[in-house]
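Chemist: Before I ask anything, here is the structure I am working with.
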């Protein structure tokens, strides 16, 4: 299991403790290894019993100075869990590569969402331009009052188009930033894979 635990105060390195229990054997802890991979990234490595049905993992983070502790409980049912019997224990760089792959996957998902938003905005802009064109065309057959009304609609649509273009520019900048982040992560991944 991969964990990303954000520490609210980076000046405090809170110790992390893990407790893993199986539903059919609640009285005994299953041995597991907690591997710190990065600043906020951990891997929990454990071999579950062959007959496991559900597990509970308690992640405890405590601040010894203030005697405060945070507990996160994670439950997993065998029916809802994808099993991989070919897992092997990796070195820290191998786990870092896996975390990078997960982050890249998440960033690509964000880029897909941005692309959908850009498509929607392009469609809206195109529709507004088409409406403006039709309004302009109809003006030659309108009375003065109707022309004023059409001009008002055209100006309103132009304002909307300007707003849409600003939003598209922001989305494109965000997309470029995400693509740049992916490029940097791939570079980091390539460097790490040389040492795996």
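In the UniProt record's numbering, the protein residues as written are 1 to 196.
Note that the Cβ used here is the ideal one computed from N, Cα and C, for glycine as well.
#1: Would you check if there are 3 or more beta carbon pairs closer than 8 Å linking the stretch 123 to 141 to the stretch 153 to 171?
#2: Sort 168, 136, 93, 137 by Cα distance to residue 116 and report the nearest one.
#3: Taking residue 122 as the reference, which of 108, 96, 162 has the closest Cα?
#4: Rounded to whole angstroms, how far is the Cβ of residue 56 from the Cβ of residue 62, which I believe are closer than 8 Å?
#5: What does a CB cutoff of less than 8 Å around residue 38 pick up in its chain, not counting 5 residues either side in sequence?
#6: Which same chain residues, not among the five before or five after residue 200, have their C-beta less than 6 Å away from its C-beta?
#7: Provide the residue span of the beta strand (DSSP E) that contains residue 16, from first to last.
#8: Any idea if residue 71 is buried or exposed, counting beta-carbon neighbours within 10 angstroms, 16 or more meaning buried?
#9: Could you tell me which of 36, 18, 177, 175 sits nearest to residue 91, measuring between CA atoms?
#10: Considering only the alpha carbon of each residue, which of 89, 54, 153 lies closest to residue 26?
#11: Among 59, 58, 29, 60, whose alpha-carbon lies nearest the alpha-carbon of residue 49?
#12: Who pairs with residue 195 in a beta bridge, going by DSSP?
#13: Just how far apart, CA to CA, sit residue 23 and residue 47?
#14: Between the Cα of residue 153 and those of 136, 59, 41, 188, spot the shortest distance and give me the residue it belongs to.
#15: Under the three-state reduction of DSSP, which class applies to residue 156: helix, strand or coil?
#16: For the putative contact between residue 86 and residue 178, defined by C-beta atoms under 8 Å, what is the C-beta separation to the nearest angstrom?
#17: Look up residue 87 in the DSSP assignment and say whether it is helix, strand or coil.
#18: Measure how close the beta-carbons of residue 16 and residue 32 come, nearest whole angstrom, since I'm counting them as under 8 Å.
Modeler: So, to answer that:
#1: Output reads yes: the stretch 153 to 171 touches the stretch 123 to 141.
#2: Here residue 116 is taken as the residue at index 116 of the chain shown, counted from 1. Residue 116 has its Cα closest to that of 168, out of 168, 136, 93, 137.
#3: In the chain shown, residue 122 corresponds to position 122, counting from 1. Nearest C-alpha to residue 122: 162.
#4: By 1-based counting over the chain shown, the position of residue 56 is 56. By 1-based counting over the chain shown, the position of residue 62 is 62. That pair is no contact at about 19 Å.
#5: Within the chain shown, the letter at position 38 stands for residue 38. If we look at residue 38 and ignore the five residues flanking it on each side, its Cβ neighbours are 96, 99.
#6: Past the edges of the chain, shown from 1 to 196, lies residue 200, and the structure says nothing about it.
#7: Counting from 1 along the chain shown, the entry for residue 16 is found at position 16. Counting along the chain, the beta strand (DSSP E) containing residue 16 begins and ends at 16 to 22.
#8: Counting from one through the chain shown, the residue named residue 71 turns up at place 71. Per the 10 Å Cβ criterion, exposed.
#9: Position 91 of the chain shown, counted from the first residue, corresponds to residue 91. For residue 91, the closest alpha carbon among the candidates 36, 18, 177, 175 is that of 36.
#10: Looking up residue 26 in the chain shown gives position 26. Closest option to residue 26, judged by alpha-carbon separation, among 89, 54, 153: 54.
#11: Taking the first residue of the chain shown as position 1, residue 49 is located at position 49. Nearest of 59, 58, 29, 60 to residue 49, Cα basis: 29.
#12: As a position in the chain shown, residue 195 is number 195, starting the count at 1. Paired residues: none, contrary to the question.
#13: Looking up residue 23 in the chain shown gives position 23. Looking up residue 47 in the chain shown gives position 47. One C-alpha to the other measures close to 15 Å.
#14: Translated into positions along the chain shown, residue 153 becomes position 153. Considering only 136, 59, 41, 188, the residue with the shortest C-alpha distance to residue 153 is 136.
#15: Translated into positions along the chain shown, residue 156 becomes position 156. Of the three classes helix, strand and coil, the one that applies to residue 156 here is helix, per DSSP.
#16: Here residue 86 corresponds to residue number 86 of the chain shown, with the count starting at 1. Here residue 178 corresponds to residue number 178 of the chain shown, with the count starting at 1. So it is not a contact: roughly 31 Å between Cβ atoms.
#17: To locate residue 87, count along the chain shown from 1; it is residue 87. DSSP places residue 87 outside both helix and strand once states are collapsed to three, so it counts as coil.
#18: Position 16 of the chain shown, counted from the first residue, corresponds to residue 16. Position 32 of the chain shown, counted from the first residue, corresponds to residue 32. The beta-carbon separation of residue 16 and residue 32, rounded to 12 Å, does not stay under the 8 Å limit for a contact.
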